[in-house]
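**Student:**
Dropping the structure here:
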């Protein structure tokens with residue numbers, strides 16, 4: 052193994068977290084992964100428990116560090132990536148109020164259709180194509196309209212990606 056500094060990369064995917072440690076030349080030093088469950092309570096819906104995200108991240112990070120034999124002080128930087136358009140409502144203590152609505156969830160189709168019907172170009176087109184029920188805004192609207200008690204308690208509606 053080469054000398055440090057070392058970099059730690061975190062990949063938050065749809066099914067889990069993967070952590071890799073690399074030397075300054077980009078050579079892999081250690082990897083560890085953990086998985087979480089996606090639940091499908093109805094057709095077209097996909098949800099995850101954010102508490103599983105945290106425990107999986109801790110498991111994957113500890114596993115990679117143990118495999119590497121490095122001390123935390125030898126890690127010079129951390130980089131992350133994640134899927135986009137997974138929506139989470141959190142309260143004033145930053146605790147989730149409901150399961151996360153995942154990127155592939157299409158329950159907000161009616162909300163997406165209403166956005167697409169607007170004359171506001173910034174709302175109905177993002178440069179990658181027309182509005183989709185997979186986007187964060189339609190999902191936030193769905194929470195407001197279908198779960199107003201959650202929306203009212205939420206300090207933030209977050210796009211976790």
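In the numbering used here, the protein residues as written are 52 to 212.
The C-beta atom is built at its ideal place from N, Cα and C for all residues, glycine as well.
Quantities reported herein were computed from a predicted structural model and do not represent experimental measurements.
1) Below 8 Å on the Cβ atoms is my guess for residue 85 versus residue 111; work out the distance and round it to an integer in Å.
2) Tell me residue 86's beta-bridge partners as DSSP assigns them.
3) Taking 7 Å as the cut-off, decide whether the C-beta atoms of residue 149 and residue 72 are in contact.
4) Helix, strand or coil for residue 140, going by three-state DSSP, please let me know.
5) Whose C-beta lies closer than 6 Å to the C-beta of residue 126 among residues of the same chain, with five residues either side of it excluded?
6) Taking 8 Å as the cut-off, does the segment 162-171 touch the segment 183-191 (at least 3 CB pairs, one atom from each stretch)?
7) Does DSSP put residue 157 in a helix, a strand or coil?
8) Please classify residue 125: does DSSP put it in a helix, a strand, or coil?
9) Does the beta-carbon distance from residue 63 to residue 133 come in below 7 Å?
10) I'd like the list of long-range same chain contacts for residue 118, defined as Cβ closer than 7 Å, with 5 residues on each side in sequence excluded.
11) Spell out the partners DSSP gives residue 209 in its beta bridges.
**Tutor:** Reading it off the structure:
1) Here residue 85 refers to the residue found at position 34 of the chain shown. Here residue 111 refers to the residue found at position 60 of the chain shown. Yes, residue 85 and residue 111 are in contact; Cβ-Cβ is about 4 Å, under 8 Å.
2) Counting from one through the chain shown, the residue named residue 86 turns up at place 35. Partner(s): 67.
3) For the purposes of this step, residue 149 is taken as the residue at position 98 of the chain shown. For the purposes of this step, residue 72 is taken as the residue at position 21 of the chain shown. No, these two residues do not count as a Cβ contact at 7 Å.
4) Along the chain shown, one-based indexing puts residue 140 at 89. Here residue 140 sits in strand by DSSP.
5) Residue 126 sits at position 75 when you count from the first residue of the chain shown. Excluding positions up to five away in sequence, the list reads 57 and 59.
6) yes
7) As a first step, residue 157 is located in the chain shown; it is residue number 106 there, counting from the start. Residue 157: coil per DSSP, three-state reduction.
8) Start at 1 with the first residue of the chain shown, and residue 125 comes out as number 74. Reduced to three states, the DSSP call for residue 125 is helix.
9) For this step, residue 63 is matched to residue 12 along the chain shown. For this step, residue 133 is matched to residue 82 along the chain shown. Cβ atoms of residue 63 and residue 133: closer than 7 Å.
10) Start at 1 with the first residue of the chain shown, and residue 118 comes out as number 67. Once the five neighbours on either side are set aside, the close Cβ partners of residue 118 are 81 and 83.
11) Start at 1 with the first residue of the chain shown, and residue 209 comes out as number 158. Answer is 139.
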